[in-house]
Each structure stands twice: as structure tokens, then as C-alpha cells.
Amino acid sequence: MPEKVIDRQAAGTGKEAAPQGAAPARRRLRDKFGRGALPYLLLLPALLAELLIHLVPMVTGIVMAFKQLTQFFIRDWSSAPWSGFDNFEVALEFNAPVGKALLHSFWVTCMFTVLSVGLSWLIGVTASIFTQDAFRGRGLLRAAFMLPYALPVFAAVITWSFMFQRDTGLINHVLHDQLHLTDDKPFWLIGDNSFWALLTVSVWKSWPFAFLTLTAGLQNIPRELYEAAALDGAGVWQQIRRITLPSLRPVNLVLVLVLFLWTFNDFNTPFVLFGKSAPQAADLISIHIYQSSFITWNFGQGSAMSVLLLLFLLLVTAVYLFATNRRREEAE
Amino acid sequence: MRTHRISAALALTAAIVLTASACGGGDSGGSNSSPKTLTYWASNQGSSLENDKQVLEPELKKFEQQTGIKVNLEVIPWSDLLNRILAATASGQGPDVLNIGNTWSASLQATGALLPFDQATFDKIGGKDRFLESTIASAGAKGKDPAAVPLYSMAYGLYYNKKLFQAAGIANPPATWEELVEDGKKLTSGDKYGLAIEGGNVSENVHHAFTLGMQHGTGFYDASGKPTFDSPEAVAAVKQYVDFIANDKIAAPGNAEYAANQSVTDFATGKAAMLMWQSAGANLKSHGMNPDDYGVVPVPAPAGATGDKATTSMVAGINLAVFKNTKNLDGALNFVKFMTSDEEQKTLNGTYGSLPPVKAAQSDAAFSTPELQTLAGVLQKSAAPLPQVPSESQFETLVGTAVKNLLASAAAGKPITEATVKDELSKAQQQMPAS
């Protein structure tokens, strides 16, 4: 009802406030550019900026993927020979070493992403539900939860890398020296355990974002729903299942997608934690591509892998949006 | 409406692709269009970037007084330097003069971004003969004009803790690997170890693998320049290095993840009795180790080895290069001449604890400490440049990573055999570009 009132007022003022001579002028402008062109014209500066900042580098990257852009050609890369789909073939030939390494890296990244997003979401949703009701010190606790998100990535991850050191690190001091959980001090930054080290840091770094988003989402759930449910005899668990989670659905849809994309592409965490050459168990695809281009100076190859990564992420995003949209339509 | 939008997008994309491929790439050759300024990218040689500025600024002032050319200095950390150079190469917008790690010489030479030092160019800076031969050999591929000139030189030496050796009843530092392993075992007890290695550092790994490879008779490339990473000689060399942790157990398993110079700290604090390092003096001093407490000898070699098999170090160091697109070619060469002059060589190398690659400057008293005398001897007699081939940077990364992986499995207690070493090296080799 209030919306309608505003609508009518706006329409009214629009009509009355416009001076008599302005209407023909506007009509002339409209005639000139055709109906509906004006909004596009006004969007043009933004569109150009978008092109410059996002599309041009992307397209350049795609072009590079079709070139044999090695160190011999980077000085004048228009002279690099076109290589057709060679770079892609090398990357996708899973029996050969390069393709095999890429595939391995891809699986590691998938496992890592699923676990990291899953755990971040779980911890985030748990924490936000626990802090939903007011209690003494809630603000302080929420602020403390947000700390990892506020810290600069480099500072945070380098601290983790110190803690994960085998001989002098805090983790082994606690696990081995104090709790005696392990017979021997395990390695965390090299070997198979590096995967779990990376996962720990990643979850630590990204769950506060889930927490923040979900806390915001919880504010929109009317208290009356819970009161009504409580009157009907629903327990806490049922309230969470029947009210909280369904109400958070729209938030979750976006949150999981964003977390997925960030985690899948994460470069900073493994790079700061492991340096230029990540251990095989934690060879995330972004680091792998960096190695394939910057360290071996084969930029065409690296670009081809990036394009494949882009296609994969587009596909996942499209399927995800399609599936979740259909479920919503079915639900309605 | 929708098809309209799509076709518009396609047209736009095509337009961008066309413009993108039309630009890119710089014009070739230098000029003298801005003769009064130079931009110089220095590498991080001192204890911090700030320290480097303090060392270099007074020298650059001197140059400005002599020539009237103002040098804009930027000190770039090692982690960024190569990427910055590649970006400068790709865009054509770079410094006039820059420091490069000497092992990158051939790789960067292949990009064509650096000014080749032919006879005429060398004449302008005082001639090729002023430099040590081995340092010139590490400034570009064999048979080509060097892509840079040597600026600071370093070599590996074996640093040993005199007190610990005395306490273990060892009279002389080891000269062969058998002796090193034997001494190492005597020096290893409890949490003290005979040797410290920087096993998580890819570059350190590949440097040692290279020296051992030369001693076993391989430079990791065959005569035609093809990589031979998994030859029997290479396998033996890498296994020997990994065995310090795996079989000899004279290095602590924890060394496998060292990548932040912890091995230097371990040596300085007496947790390890030996260390193979390049020009460690200044570093050890900052950890409070007195020069009298340690001795330096060449890294061991097989008994009775001669020629390449007696190699005990790579030629380590920093080269000075001129960017081909410079707008001040004469000034840049003038600056190179200044930086490689006897006087500057003495000042700068003296401050940084490195050795002057310029012969005449080496006789200075600053370089007569026992440490630097040993290293100078290594550089003259038993140092070989890393393979000067365009794919050198791939070699460093791939073989260095293979050694790192092997050390990691050795540290985790997995058996290291010739087969496991060969397997890892074959994987490295297969990732080299086919051409």
C-alpha cells in the first residue's frame, strides 16, 4: 500500500514539474536515438570502463592461449606464431606428463574446494545461529570471529606457515610435545599432510565471511515465526530445520557460489604458505597455472589452462544457477 | 532483441581482439633521446631494501657528479625481480640498467630484451679481459655475445664449526664426500647434526644437484642442449644429496622444509656443524657468529678428480644488464663502466661481502679474509656456470622441485632408492617443453 502511494506521487510530480517546452525537446531526443536508446547511452561510460578493466584482459588472455608465447616471443608477442589448439591439446592430454599433472591438480582443487566451502559454511552457520540471540559479550564475540577476515592475507598466512613448521612450530608443540598425540613430529608444509594444513588455513580464512553473510541473513527472519513455532511445540532443532535454514536459502545460494569461486581460484593462501612450488598433495590449480606460465615462461600454455579453468567455472556456475532456479520455481 | 545483443557483443569482442593483437610489443633498439636520466633496478643484496638504498645512493651521487646523469634507483626484492623483468620485456617499458641473477642470463638473452655485449660494446666499458673468465661464462649462452656483465660474484664453500670439530676430535675439515659423511656421523648426536641443508629451497637444491652432477659427469644437458635430467649420472648425483637425510642421516629430517635460511641459523647457533653456502659471512655475523669460530674450505670433490669432475661450486652472482629499449644508451653504458670500475667494485663488493668479478679489484685488502680468499680460489679454479641455455629457469624449477619432493619423502621416512630418484627426475624432464 505505501509503495503505491509513492508511485502515484512520483508520477504526478514528474508530469507537473516538467516545464511545458521540455516535453517536445525530450521527444526530439528520443526520435533521434530511437526509442529506449537513451538509457544505453547513459550506461556507455560504465560499459566502457567495464570493458577496459575486465573484458580486455580476459580477451587478451584468451588470444594468448592460441599462441606459442614462450620467452622467445614475449618481447614482441604479436610475432609469436599461432599454435591453434596445441596448447589446449597438451593441457588435455591426460596420459602425458603435463596433462596428467594438470588433472591431478584439478582433482586436488576439487577436493579442497568442496571440503573448504563445506566446512566454512558449516562453521559459519553454526556460529551465526549461536550468536542469533542477544547475550552479554555477543558484540565482542562477533568482532573476534571477524578477525581472520580483517587481517591482511599475507600477514595471516605467513603466521600460519611459522606455526606449521615441524621443529619449531606451535602446531607440533601442542600436538606432539604437550598432548603426545603423535609418535613423531609430522611435517605440515611438505608431503601429504600439506593438504590438511592448506585446508585448515583456508577454512580459518573464509568462514568469517560465511558467518558475516549468514548473520545478516538471520536479521531478516521475523521473530514471530519462532514464537509461533515454539507455541506449536517445535524444538530448537526443528526450528532450525523448518524456519532458519529455509529462510536463509537465498543467502546460502549466493554465499556458496561466491565461496566456491573464491576458494577454487585461491592463489594467495597456497603461494604464501608453500612458496613457488607447492607440494603435490596441495598443488592447487591456480598455483599450478602460475608455475606453468611464470616459472617455466610458457605463457601460452598457462593461458590455455586458465581458459579451461574459466570454462569449467562458467559451466559449474551455469549448472548451479540453473538447478537452483528450477528448484525455486518448483517450490513456488 | 536477444540476437541483437549477442551480435553486438560478438562485434565488440572481435574489435578488441583486433586492437589487442595490433598493439603489444615494443620498438626495437635503444636511442639517446633522454640523455640526462637513467632508471636503475637493483637487486636486494644487503640486509634490507632500505640498506641497499643507503649503500647505493652515495655511489649514484658520485656518478651524477662525474657525468651529470641522474640515476633513479629502485631496489626490487628477489621474489619480484624476474616477474618485473618479464613484464618490462613484454611491454617494452622498463629500466635502462638492471641487475639480474646470473643464472637467468641465457633465459633472458633468448627474449632479446637485453643489449648484447659485443666487442665494440665491451670496448666502451673497458674491455672483456678485465673480468674473470668464469664470470663472463655465466653471462649468456656459449658462442653468443654476453647479455650482461658480471657485477658481484659469489661461490659455494663448506663452512665448518671449528669448536664442534675439535670437540669431536676431527683435525681437518673434509676434502672428499666420504670424509664429509664420516665426519658428519661423528658430529651427529641427539638434536645436533653434522650438516645443515636448505631442503625446501628449490634454488639451493638445484645448485647442489648441479655441482654434484658435474662431479658425476653430467651438466643436466647434453652437448646438443637437450635436457638429460634422468641420466644415471644425474640420478647418482641427486641421490647422493638426498642421502644426507635418507641414508647417511647426517642432516636433520626437519631440514627438508627449510626455505627461509633456517640452515644458516642452525649453523650459526651450533645445531649443525657444517653448511654449504655462498658468501655466508655477513649472514653468520648477523646471527652473532664470530669469523674466528668457523673455517671455510671448498665443497668436497671426489678424491683425485680433475677438470669438470673437480667442480665444487656453481658460478654464483649478479650480472648487470642494459635494457635494449633504453632511451639513454650512452648513459647506460657509461653507468655500467662506472659500476664495474675498480673503485666501485671494491666499495660495493666489500660492503656486500661478495667478490669482485673484476680481476684488478680482487687484490684489495677487503677481500683477503680467509673466507673470501677460499671463495675467490673456488671461483678461479673449480666453479662452473649453471647450464647457460634458454630453458635454464625451467631446469632450476623442475629439478629443484624434484629434489625438494625427494627430500620430503626421505624426511617422512620413505625409502630412497635409485628407482625413486629416477622416477622423480623423469617426471621433471617430461615437463620440459618438447622443442
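So the sequence lines, in the order shown, correspond to chains A and B. Residue numbering for the first sequence follows full-length UniProt numbering, starting at 1 and increasing by one per position. Residue numbering for the second sequence follows full-length UniProt numbering, starting at 1 and increasing by one per position. Glycine included, every Cβ here is placed at the ideal spot set by N, Cα and C.
The three-state reading of DSSP puts valine 389(B) in coil, since its state is none of H, G, I, E or B. When only Cα atoms are considered, proline 387(B) and phenylalanine 294(A) end up about 20 Å apart. Sorting Ser426(B), Leu108(B), Phe323(B) and Ala361(B) by C-alpha distance to the C-alpha of threonine 340(B) places Ala361(B) at the top.
About 12 Å separates the beta carbon of phenylalanine 274(A) from that of tyrosine 290(A), a gap too long to meet the 8 Å contact definition.
Residue pairing by DSSP places leucine 73(B) opposite Tyr40(B) in a beta bridge. In the DSSP assignment, glycine 101(B) forms a beta bridge with Ile318(B).
Taking the CA atoms as reference points, phenylalanine 271(A) sits about 17 Å from asparagine 405(B). Counting only residues of its own chain and dropping the five nearest sequence neighbours on each side, proline 148(A) has a CB closer than 6 Å to the CB of Trp204, Lys205 and Pro208.
Sequence-distant partners of proline 302(B) (beyond 5 residues in either direction) whose C-beta falls short of 6 Å from its own C-beta, in its chain, are Gln215. When beta bridges are read from the DSSP output, valine 297(B) appears opposite Leu158(B). Valine 264(B) places its beta carbon 8 Å or farther from that of leucine 114(B). According to the DSSP assignment, methionine 163(A) belongs to no beta strand (DSSP E) but to the alpha helix (DSSP H) extending over 153-163. Note: asparagine 298(A) is bridge-paired with Thr70(A) in the DSSP secondary-structure output. C-alpha of serine 105(A) to C-alpha of proline 298(B): approximately 41 Å in a straight line. Rounded to whole angstroms, the gap between the alpha carbons of glutamate 396(B) and glutamine 66(B) is 40 Å. When DSSP assignments are scanned along the region 231-262 of chain A, the uninterrupted stretches of alpha helix (DSSP H) that are 4 or more residues long and fall wholly within it turn out to be 236-239. Counted as a single uninterrupted DSSP element, the alpha helix (DSSP H) harbouring alanine 376(B) occupies residues 370-381. Our two residues, valine 55(B) and valine 149(B), have alpha carbons roughly 20 Å apart in a direct line. Distance from the Cα of glutamine 219(A) is smallest, within the candidate group Ala134(A), Val174(A) and Ala144(A), for Ala134(A).
Using a CB distance cut-off of 8 Å, glutamate 178(B) does not count as an interface residue toward chain A.
For aspartate 86(A), none of the residues of chain B pass the 7 Å Cβ criterion, the least Cβ distance being about 10 Å. Of all residues in the region 72-103 of chain A, the ones placed with a Cβ closer than 8 Å to any Cβ belonging to chain B are Phe72, Ile74, Arg75, Asp76, Trp77, Ser78, Ser79, Ala96, Pro97, Val98 and Ala101, in chain order. Phenylalanine 187(A) sits close to alanine 408(B), with the two beta carbons spaced by under 8 Å. According to the DSSP secondary-structure assignment, tyrosine 221(B) is paired through a beta bridge with Pro227(B). In the DSSP assignment, glutamine 278(B) falls within the beta strand (DSSP E) that extends over 272-278.
At least 8 Å separates the beta-carbon of glutamate 371(B) from that of valine 315(B). Between alanine 196(B) and alanine 106(B), the C-beta gap is not smaller than 8 Å, which leaves the two residues out of contact. About 7 Å separates the CB atoms of aspartate 96(B) and tyrosine 40(B); that is less than 8 Å, so the two are in contact. Contacts between threonine 296(A) and chain B, judged by CB atoms closer than 9 Å, involve Ser391, Ser393, Gln394, Thr397, Leu398, Gln431, Met432 and Pro433 in chain order. Below the 8 Å Cβ cutoff, chain A contributes Leu189, Ile190 and Gly275 as neighbours of glycine 200(B), in chain order.
Alanine 272(B) places its beta carbon 8 Å or farther from that of tyrosine 156(B). Each of Asn44(B), Ala139(B) and Ala234(B) was checked against the Cα of alanine 419(B), and the nearest Cα belongs to Ala234(B).
In chain order, Pro390 place their CB closer than 6 Å to the CB of alanine 110(B), counting only its own chain and leaving out the 5 sequence neighbours on each side. Neighbourhood of leucine 86(B) in chain A, by CB distance below 7 Å: Ile74, in chain order. The beta-carbon distance between leucine 248(A) and leucine 214(A), rounded to whole angstroms, is 6 Å. This is short enough to meet the 8 Å contact definition. For asparagine 319(B), no CB of chain A lies under 8 Å from its own CB, so it is not counted at the interface with that chain.
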